[in-house]
Amino acid sequence: MSDASPALRHLYLDLLAGCLCRDLFLEAEPDVDPTVRADGRDWPSSAETMIGRQRLDNLVECLTTVLDDEIPGDFIETGVWRGGATILMRGALAAWGDEGRSVWVADSFQGLPPPDGVAWPADEGVDLSGEETLAVPRSVVEANFARYGLLDDRVRFLEGWFADTLPTAPIRGLALLRLDGDLYQSTWEALEHLYPKLSVGGIVIVDDHGAFEPCRRAVADYREQYDITDEIVPVDWTGVWWRRTR
């Protein structure tokens, strides 16, 4: 573990979060409402994340919890956009001097697929496949990691559709699982293949729980099927999290 004090670790992560969402530089974006940016309700032109400061602060708290409690396992985000949340995860490992974990970056790097309303009826009518802003190439995400000095062999990319990459991903265990896939299918596939690898004491964060009904329904269906009763805790208008107790 790093010799840095808890206060210094949090100072670094707070500064990193402010850079990733650009709320430290809003004077350069006079048309941006600070409240909207904090809530993660806009698509920033240059920031590495669109999840907003409240959900970034939640991620810092969750990372701090699993690292301080020494919960075993890696970190992963499924659906990374420009990589901001996973950059913050790698920054936390650096701040704690943790040399044993990896950060998994799972994304198609092509945006979202067209919804398959036949196989996944809950996704019918929710089509984000044409949103070019959501299609961020892997090379851009890698460059964003490098910008913060955090691109190394501890950053592991899972490139492709979740149905193709997650079932065979060489992940032995997880301490933190962050879902940001919007749709029922992507949320279900991430839970199906990754939740069983989450350590007891590990944390699940769902970014789109409030924003997209298909995502919310997938979470509810998965929890019901596997009798998961851990309390779901709201972060803001859309994000939620819970901690695995059994």
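So for the sequence shown, our numbering puts the first residue at 446; every next one is plus one. Heads up, the beta-carbon is just placed ideally off N, CA and C, and yes, glycines get one too. Keep in mind that this is a model prediction, so the values were computed, not measured.
Under three-state DSSP, which class holds residue i?
i: residue 543; result: coil
i: residue 648; result: strand
i: residue 669; result: helix
i: residue 692; result: The structure shown does not extend to residue 692, since the chain spans only 446 to 691, so no value can be given for it.
i: residue 617; result: coil
i: residue 680; result: coil
i: residue 533; result: helix
i: residue 469; result: helix
May I ask which residues mark the beginning and end of the alpha helix (DSSP H) holding residue i?
i: residue 498; result: 497-513
i: residue 590; result: 583-592
i: residue 633; result: 629-639
i: residue 688; result: Per DSSP, residue 688 belongs to no alpha helix (DSSP H); it is in the beta strand (DSSP E), 685-688.
i: residue 482; result: 479-484
For the beta strand (DSSP E) containing residue i, name the first residue and the last one.
i: residue 454; result: Per DSSP, residue 454 belongs to no beta strand (DSSP E); it is in the alpha helix (DSSP H), 451-466.
Residue i bridges to which residues according to DSSP?
i: residue 551; result: 523, 603
i: residue 623; result: 522, 650
Using a Cβ-Cβ cutoff of less than 8 Å, which residues in the same chain neighbour residue i once the five nearest sequence positions on both sides are dropped?
i: residue 605; result: 553
i: residue 505; result: 455, 458, 459, 462, 533, 537
i: residue 576; result: 556, 557
Within the same chain, show all residues whose beta-carbon is closer than 7 Å to that of residue i, passing over the 5 residues directly before and after it, in chain order.
i: residue 659; result: 567, 568, 571, 628, 629
i: residue 558; result: 574, 606
So, for residue i: in the same chain, excluding its five sequence neighbours on each side, which residues have a beta-carbon less than 6 Å away from its beta-carbon?
i: residue 548; result: 520, 531, 534, 535, 600
Q: Decide yes or no for the touch test of the stretch 566-584 against the stretch 616-634: beta carbon pairs closer than 8 Å, at least 3 of them.
A: yes
Q.
Pairs of beta-carbons, one from the stretch 590-597 and one from the stretch 658-674, closer than 8 Å: are there three or more?
A. no
Q) So does the stretch 635-646 actually touch the stretch 578-589, counting three or more Cβ pairs closer than 8 Å? A) no
Q. Counting pairs of beta carbons, one from the stretch 531-541 and one from the stretch 673-680, are three or more of them closer than 8 Å?
A. no
Q: Spell out a yes or no on whether the stretch 609-623 and the stretch 646-658 are touching, meaning 3 or more CB-CB pairs, one atom from each, closer than 8 Å.
A: yes
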